[in-house]
Amino acid sequence: MNYPSLSDETLLLLIARDQTEALSELYRRYNRLIYSLAVAVVSDPHSAEEVTLDVFTRVWQKADTYQPDRAGVRTWLSRITRNLALNVVRRRNVRLDARSLRWADVTPPPIPTEHQPESMAELAQAQARVRAAIRELPPEQQEALALAYFGGYSHQQIADELDYPLGTVKTRIRSAMKKLRHLLQDELDLPPET
Amino acid sequence: MLNHLETSENLPEYALGSLNDDLAVAVSEHVAGCAACRSELLLWQAVADQLALAAPPGDPPPALEQRLMRQIAPPIRAAAPKRSDWLAWLRRTSPLWAAAAMLLLAVLGVNNLNLRQQVLEHQQHTAPMAAIPMYGASAEDPASGVVVVSADGEYGTLVVQHLPELPDHQVYQLWLIENGQRTNGGTFKVDEHGYTALEIESPQDLVLYDAFGVTVEPAGGSPGPTGPKVLGSP
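Here the protein sequences line up with chains L and X, keeping their order. Just so you know, we're using the working numbering here: the first sequence kicks off at 1343 and counts up by one. Just so you know, we're using the working numbering here: the second sequence kicks off at 4 and counts up by one.
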């Protein structure tokens, strides 16, 4: 079977049937994305490795619970990763240095190569577009958004951390999300009925 | 309770998970009963989901894939030696084996009786307990648990992890399910790590139940499940 040519959803169906080659292919497609997100949240590489391992182990165990009408596979994996990584941080009971929570630099969209799987090329281009959109936000909005998304901070915690009024933090996050919604409207992974 | 406009204004932050707890609860209560807000929330969740793509890039160590494959695969038994290798070796050492075999039979004959008695005693004292896993509502949900039942079914303990702490007016409640009927198994709170162990209250042997579930209920518990299910057994 030509696993690189299969869709993510098909790979999950095969994983649910205990096909390890399908899990390998899914790992090859998304291990960098998952690991990068894990490191951004937990900060240290060792914990990020364990989170990454935990994510794909869960995929192996629960592939049959994936519902394609709720979110794409990439989104599903990202949500699992963020939740597990934030749990690691919360169990430590120690807040990370807010300055360690940051966005990726803007990189030019990659040029697809002949031998690069289509899914990998699409992922790389999507990443480039999202990074560029975030860099269009004012620095203070980027900062608040990073604390909320990567750090799992609440508004009050962000306000305390950055020494801003609560209302200011709320406005910045709300404005950031509205602008991103406008900039990324063609990228959004929405359920079919939305 | 929040009105529609107040809820709508807070949906972006709710999708991010950055609302303070009391406001998040108020938003969730409104969303549960408002189709327009549920639809709008899906849009904001889709925006929040995109943020994962903007994490600074990193590469896991190459060996991580091998660790994953070892973790999910059953253990591989060591390859048995080839039959031809064994036969050649036996032919070379056969005189020595004859003498050793006689001695071994004499020793084993004495020990065998003692060993058999030990095995029988061990089986009586260490009958296996049953462990029934419990999972969160979805694969993204890190919460999980296990119900451990004694061999005779008379005693059981629920152990949970990664469940969110509840406000004072709520508790988690365990349900023992038989033929669709739910029986209270006890209520509990979790610590700051989302962990606790509950000694299960049951009117009958636990092995007689088909399944187990945990829901969120008002403080003091409920006669039957009224709140959202957070854990369930397969």
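Built from N, CA and C at the ideal position, the CB exists for glycine as well.
- Distance from the Cα of residue 190 of chain X is smallest, within the candidate group X:179, X:196 and X:184, for X:179.
- Around residue 187 of chain X, no beta-carbon contact reaches into chain L at under 9 Å, the shortest distance being about 27 Å.
- Taking 8 Å as the upper bound on Cβ-Cβ separation, chain L lies near residues 15, 16, 18, 19, 20, 21, 22, 23, 24 and 42 of the segment 14-43 of chain X.
- Using a Cβ-Cβ cut-off of 8 Å, residue 70 of chain X is close to 1395 of chain L, given in chain order.
- The continuous stretches of alpha helix (DSSP H) do not include residue 192 of chain X, and DSSP gives it neither H nor E.
- Between the segment 1351-1367 of chain L and the segment 21-37 of chain X there are fewer than three C-beta pairs closer than 8 Å, too few to call the two in contact.
- It is roughly 11 Å from the alpha-carbon of residue 1492 of chain L to the alpha-carbon of residue 1484 of chain L.
- For residue 141 of chain X, the neighbours in chain L by C-beta distance under 7 Å run, in chain order, 1407.
- If you draw a straight line from the Cα of residue 1414 of chain L to the Cα of residue 156 of chain X, it is about 43 Å long.
- Membership of residue 4 of chain X in any beta strand (DSSP E) is not indicated, and neither H nor E is assigned to it by DSSP.
- Looking at the backbone, the Cα of residue 184 of chain X and that of residue 1498 of chain L are separated by about 43 Å.
- By the neighbour-count definition (other C-beta atoms within 10 Å, threshold 16), residue 1478 of chain L is an exposed residue.
- A distance of 8 Å or more separates the beta carbons of residue 234 of chain X and residue 174 of chain X.
- The alpha-carbon of residue 1376 of chain L is positioned some 15 Å away from that of residue 1461 of chain L.
- For residue 149 of chain X, no CB of chain L lies under 8 Å from its own CB, so it is not counted at the interface with that chain.
- For residue 174 of chain X, there is no enclosing alpha helix (DSSP H); the residue is part of the beta strand (DSSP E) that begins and ends at 173-181.
- Annotation for residue 1481 of chain L: the continuous alpha helix (DSSP H) segment containing it runs 1481-1491.
- For residue 1343 of chain L, there is no enclosing alpha helix (DSSP H), as DSSP marks it with neither H nor E.
- For residue 1523 of chain L, the secondary structure class from DSSP, reduced to helix, strand or coil, is helix.
- Residue contact with chain X for residue 1343 of chain L: absent (no Cβ-Cβ distance below 8 Å to any residue of chain X).
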